[in-house]
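Numbering (the working numbering), first residue to last: 219 to 393.
Note that beta-carbon positions come from the ideal geometry of N, C-alpha and C, so glycine has one too.
No experiment lies behind these values; they were computed from the predicted model shown.
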């Protein structure tokens, strides 16, 4: 029985050691904000926002012109013409409201579209670092990790893999 017990215990200990996970962390926001490409994404978003703003101003100008045209002919126009012009103006008001509401969503969609390649780039580098260093799991600090051992932080290793110098927190906020 003793001869069987020792090998079984040794097997269980070695199995438990193999089954243990190596867990790391990463501050992916810090890595992404340190990428040079972020400046171009920001410029592209500003350009897109300016285009949306111009479109909105054009719609407002058309609306104002339509209102003025209605006011100019209101006294002499037939009831049928007045009603048609009023319906046109109400439709334009609704278009303006929809455009204003949708523009924030459009900017968010554009931002996601522009940032996706950066997320993929960081994700690929993270996968490579995690595999090279035999991590079985990596948690993002942005997900609300209550505690982590700084020795298990892969942020710098991923930045090194990407050839990026990490910005310090005060550099990110502009303070």
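Residue i: CB within 7 Å of a non-hydrogen atom of the ligand ATP
i           : result
residue 355 : Judged by which ligands are present, the structure shown has none, so any question about the ligand ATP falls away.
CB contact flag (residue i, residue j, <8 Å)
i           : j           : result
residue 253 : residue 382 : yes
residue 336 : residue 244 : no
residue 370 : residue 242 : yes
residue 246 : residue 358 : yes
residue 384 : residue 328 : no
residue 239 : residue 354 : yes
residue 301 : residue 288 : no
residue 348 : residue 356 : yes
DSSP state of residue i mapped onto helix, strand, coil
i           : result
residue 326 : helix
residue 383 : coil
residue 294 : coil
residue 299 : helix
residue 371 : strand
residue 355 : strand
residue 315 : helix
Distance between beta carbons of residue j and residue i, contact taken as under 8 Å
i           : j           : result
residue 299 : residue 277 : Wrong, their Cβ atoms sit about 23 Å apart, outside the cutoff.
residue 310 : residue 280 : 7 Å
residue 325 : residue 267 : 6 Å
residue 274 : residue 318 : 7 Å
At least three beta-carbon pairs within less than 8 Å, the region 368-376 to the region 340-356
Yes: the two stretches touch, three or more of their Cβ pairs being nearer than 8 Å.
**Study point:** Whole alpha helix (DSSP H) elements within the region 249-285, 4-residue minimum
**Key:** Those alpha helix (DSSP H) runs which fall completely within the region 249-285 and span 4+ residues do not exist here.
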